[in-house]
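>
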């Protein structure tokens, strides 16, 4: 089994595969960075592990638990190693300083490449192209790993969690964070991060605002901020020039699926990741996906759980030749208010309990979430608050699964308690 | 009676908590939290707000340039920036293990500074 990516997903997949009976010497983790642990290494703030370990850890501490376990189990990991291509027959081509250019075929592959940040290029912000524009994650790496302060007077565009965490981090490091602008009328970050990263330090959050232009020749000298209307278009006359030397972008994450696409694996246009069934298997038998390469998570604890499933499934595939393609699957689709559901396919004989993960497309209050099989509700639950920034899940027990068995499709949707669909 | 609204930061749920106080600031009720820790957090937040500080210190002779560190218990919120500045004086030498105590009773705050990562000597 080859695991591509040695972050939290790849480590958990490898460890769980080993626990499921796959010998350590039959596992290989490929990691691009000089050490495994992934993005956790630069996430030095606390807040990880409350679900999985029942205690609050920093990113490096959370990673250390898995690094130590992988080491104790003698699971091989090649660092400084880049996977260059993946073929349909599960052959991985990679390059590393110790192995050179290598080609290895595996019985099973776990895709755990994570995601990358959207950059300025994806936003079409007008203006010059000076130094001083960073994605929030790049700034995080500069500050926490390399020891550089990216700037002194900072405007942050986007209120995702990384942007909020960096607002606090840069403030602690002596920079002045002037404001955080958010295009949407709500923040995509966790409420606790709005409280402890912005409110604690008096950093203002401008909702329904965006950066329309960047000024400065060699270095950023300022940005022009404007309010946006309900169609997210800047409102003329609301422009305000904010002098600053740095613009941080925290405007979304994109699963990194170049290898997946090249191998011809079916992708979900909404998540940007592979289409998987509940065993985490992709459209190619023996290739599994988990973590942020599959869909962007807000909590690493859920990545660990998901990757564990992928690792155990991959181990079974290697040991028993379990081929999901001979079993019948039902498509699971998102409707009215639900943006996506993962897994996108469920086997008719899926084991209970089955967890469906989903995200909503807006802020909702007092809604009913319904899982239906061919239009017939098989499970309903009231949800008091639903926000796009928080991944939700529903757990289906055997009674619901039995009622889904003969359906041609399953849907997950939101409605009002009185039965009306989709209103906000 | 007055009320105060706050967001609980104990876990990712981020419960919106309402605290009711009488004229002399005695807590009458804490509502909106979904666990016991939220109640404790809300009461402390009124009188003695505290946060765990996480930051980095310079590490010499190691495979990394910086070592992530944290206070082993929350410190008063008002001391966060002062504590961060004081950490600049702290330099450690590799090897360091995750969980090693680097400094005790930091700034007289009664907390230790703990390493958040294992860094080997190089």
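Protein chains in written order, with the working numbering: chain A, 1 to 424; chain B, 1001 to 1122.
Glycine is no exception: its CB is placed at the ideal position from the N, C-alpha and C atoms.
Any C-beta of chain A sitting closer than 8 angstroms to the C-beta of residue 1055(B)?
Numbered from 1 along the second chain, position 55 holds the residue referred to as residue 1055(B). So, interface residue.
> Can you confirm whether residue 39(A), when its beta carbon is compared against all beta carbons of chain B, has any partner nearer than 8 angstroms?
As a first step, residue 39(A) must be located in the first chain, where it is residue number 39. By this cut-off, residue 39(A) is not an interface position.
> For residue 61(A), which residues in chain B fall below 7 angstroms Cβ to Cβ?
Mapped onto the first chain, residue 61(A) falls at position 61. The answer, in chain order, is 1098, 1116.
> Below 8 angstroms, can you find three or more Cβ-Cβ pairs linking the region 397–409 of chain A to the region 1005–1015 of chain B?
Short answer: they don't touch.
> Answer with buried or exposed for residue 400(A), where buried requires no fewer than 16 other C-beta atoms within 10 angstroms of its C-beta.
The residue you call residue 400(A) lines up with position 400 of the first chain. Under this definition residue 400(A) is a buried residue.
> Within its chain, find whatever has a CB closer than 7 angstroms to the CB of residue 1056(B); leave out the 5 residues flanking it on each side and keep chain order.
Translated into the one-based positions of the second chain, residue 1056(B) becomes position 56. Within the same chain, residue 1056(B) has close Cβ partners 1066, 1067, 1068, 1069.
> Starting from the C-beta of residue 423(A), find all residues in its chain whose C-beta is less than 7 angstroms away, skip the five residues before and the five after it, and write them out in chain order.
To locate residue 423(A), count along the first chain from 1; it is residue 423. Annotation note: pLDDT 42 at residue 423(A) (below 50); position unreliable, no value reported.
> Does the Cβ-Cβ distance between residue 76(A) and residue 29(A) come in under 8 angstroms?
Here residue 76(A) refers to the residue found at position 76 of the first chain. Here residue 29(A) refers to the residue found at position 29 of the first chain. Cβ distance < 8 angstroms, so residue 76(A) and residue 29(A) count as in contact.
> For a test of the three-state rule: what should DSSP assign to residue 373(A), helix, strand or coil?
As a first step, residue 373(A) is located in the first chain; it is residue number 373 there, counting from the start. Note: residue 373(A) maps to strand in three-state DSSP.
> Output yes or no for whether 8 angstroms exceeds the beta carbon distance between residue 313(A) and residue 414(A).
The residue you call residue 313(A) lines up with position 313 of the first chain. The residue you call residue 414(A) lines up with position 414 of the first chain. It is not a contact, given that the beta carbons lie outside the stated cut-off.
> On the three-pair Cβ rule with 8 angstroms, is the region 243–250 of chain A touching the region 147–156 of chain A?
yes
> Alpha carbon to alpha carbon, what distance is there between residue 300(A) and residue 49(A)?
As a working mapping, residue 49(A) is identified with position 49 in the first chain. As a working mapping, residue 300(A) is identified with position 300 in the first chain. When rounded, the distance between both Cα atoms is 7 angstroms.
> Please list the residues of the region 135–148 of chain A that have a C-beta atom closer than 7 angstroms to any C-beta atom in chain B, keeping them in chain order.
144, 145, 146, 147
> Could you work out which residue in 233(A), 187(A), 409(A) is closest to residue 225(A) when comparing CA atoms only?
Within the first chain, the letter at position 225 stands for residue 225(A). Checked all of 233(A), 187(A), 409(A); the closest Cα to residue 225(A) is 233(A).
> Work out the CA separation of residue 1015(B) and residue 1043(B) for me, nearest whole Å.
For the purposes of this step, residue 1043(B) is taken as the residue at position 43 of the second chain. For the purposes of this step, residue 1015(B) is taken as the residue at position 15 of the second chain. For residue 1043(B) and residue 1015(B), the distance between alpha carbons rounds to 14 angstroms.
> Taking only three categories from DSSP, how would you classify residue 1070(B)?
Indexing the second chain from 1 puts residue 1070(B) at position 70. Residue state, collapsed to three classes: strand.
> Note the first and the last residue of the continuous alpha helix (DSSP H) segment covering residue 166(A).
In the first chain, the residue the question calls residue 166(A) occupies position 166. Start and end: 161–172.
> DSSP state of residue 19(A), grouped into three classes?
For this step, residue 19(A) is matched to residue 19 along the first chain. Annotated three-state conformation of residue 19(A) is helix, per DSSP.
> Taking the alpha carbon of residue 1077(B) as the point to measure from, which residue in 1049(B), 1107(B), 1071(B), 1102(B) has its own alpha carbon closest?
Walking along the second chain from the start, residue 1077(B) turns up at place 77. Here the closest residue by C-alpha is 1049(B).
> Looking at the unbroken beta strand (DSSP E) that takes in residue 230(A), where does it start and where does it end?
One-based indexing of the first chain puts residue 230(A) at position 230. First-last for residue 230(A): undefined, no H or E at that position.
> Would you please state the rounded distance, in angstroms, between the beta carbons of residue 275(A) and residue 344(A)? I believe it to be under 8 angstroms.
Taking the first chain and counting its residues from 1, one reaches residue 275(A) at position 275. Taking the first chain and counting its residues from 1, one reaches residue 344(A) at position 344. Indeed they touch by this definition, with Cβ atoms about 5 angstroms apart.
> Strictly under 8 angstroms for the Cβ-Cβ distance: is residue 1065(B) near chain A by that measure?
For this step, residue 1065(B) is matched to residue 65 along the second chain. Chain A contact via Cβ: present.
> Report the CB separation of residue 410(A) from residue 371(A) in whole angstroms; it is logged as a contact under 8 angstroms.
Here residue 410(A) refers to the residue found at position 410 of the first chain. Here residue 371(A) refers to the residue found at position 371 of the first chain. Sure, about 7 angstroms apart at Cβ, within 8 angstroms.
> If you follow the beta strand (DSSP E) that residue 427(A) is part of, which residue opens it and which one closes it?
Since the first residue of chain A shown is 1 and the last is 424, residue 427(A) is not available in this structure.
> Can you tell which of 243(A), 145(A), 366(A), 118(A) has its C-alpha closest to the C-alpha of residue 177(A)?
On the first chain, position 177 is the one that residue 177(A) refers to. Out of 243(A), 145(A), 366(A), 118(A), 243(A) has the C-alpha closest to the C-alpha of residue 177(A).
> Quick one: what does DSSP say residue 241(A) is sitting in, helix, strand or coil?
Counting from one through the first chain, the residue named residue 241(A) turns up at place 241. The answer is strand: DSSP assigns residue 241(A) an E or B state.
> Please confirm if residue 196(A) has its CB atom under 8 angstroms from at least one CB of chain B.
Here residue 196(A) is taken as the residue at index 196 of the first chain, counted from 1. Closer than 8 angstroms: yes.
> Helix or strand or just coil, what does DSSP make of residue 341(A)?
Counting from one through the first chain, the residue named residue 341(A) turns up at place 341. If DSSP states are grouped into helix, strand and coil, residue 341(A) belongs with the strands.
> Would residue 114(A) and residue 7(A) be called neighbours here (beta carbons separated by less than 8 angstroms)?
For the purposes of this step, residue 114(A) is taken as the residue at position 114 of the first chain. For the purposes of this step, residue 7(A) is taken as the residue at position 7 of the first chain. Yes, they are a contact pair.
> Could you check where the beta strand (DSSP E) with residue 303(A) kicks off and where it finishes?
For the purposes of this step, residue 303(A) is taken as the residue at position 303 of the first chain. First-last for residue 303(A): 300–320, but that is the alpha helix (DSSP H), not the beta strand (DSSP E).
> Under 6 angstroms Cβ to Cβ from residue 239(A), same chain only, skipping five residues before and after it: list those, please.
Taking the first chain and counting its residues from 1, the one referred to as residue 239(A) is at position 239. Only 224, 226 meet the Cβ criterion.
> Is residue 217(A) helix, strand or coil when you go by DSSP?
On the first chain, residue 217(A) is found 217 positions in, with the first residue counted as 1. Residue 217(A) falls in the coil class under three-state DSSP.
> Checking contacts by CB at 8 angstroms: is residue 1028(B) closer than that to chain A?
Along the second chain, read from residue 1 onward, the residue named residue 1028(B) stands at position 28. It does not: the Cβ of residue 1028(B) has no partner Cβ on chain A nearer than 8 angstroms.
> In terms of residues, what are the limits of the beta strand (DSSP E) holding residue 87(A)?
By 1-based counting over the first chain, the position of residue 87(A) is 87. Unbroken run through residue 87(A): none, as it is neither H nor E.
> Measuring only between beta-carbons, confirm whether residue 1038(B) sits less than 8 angstroms from chain A.
As a working mapping, residue 1038(B) is identified with position 38 in the second chain. No, because no Cβ of chain A sits closer than 8 angstroms to the Cβ of residue 1038(B).
> Taking 8 angstroms as the CB-CB limit, is residue 377(A) close to chain B?
In the first chain, residue 377(A) corresponds to position 377, counting from 1. By the rule that beta-carbons nearer than 8 angstroms mark a contact, residue 377(A) does not touch chain B.
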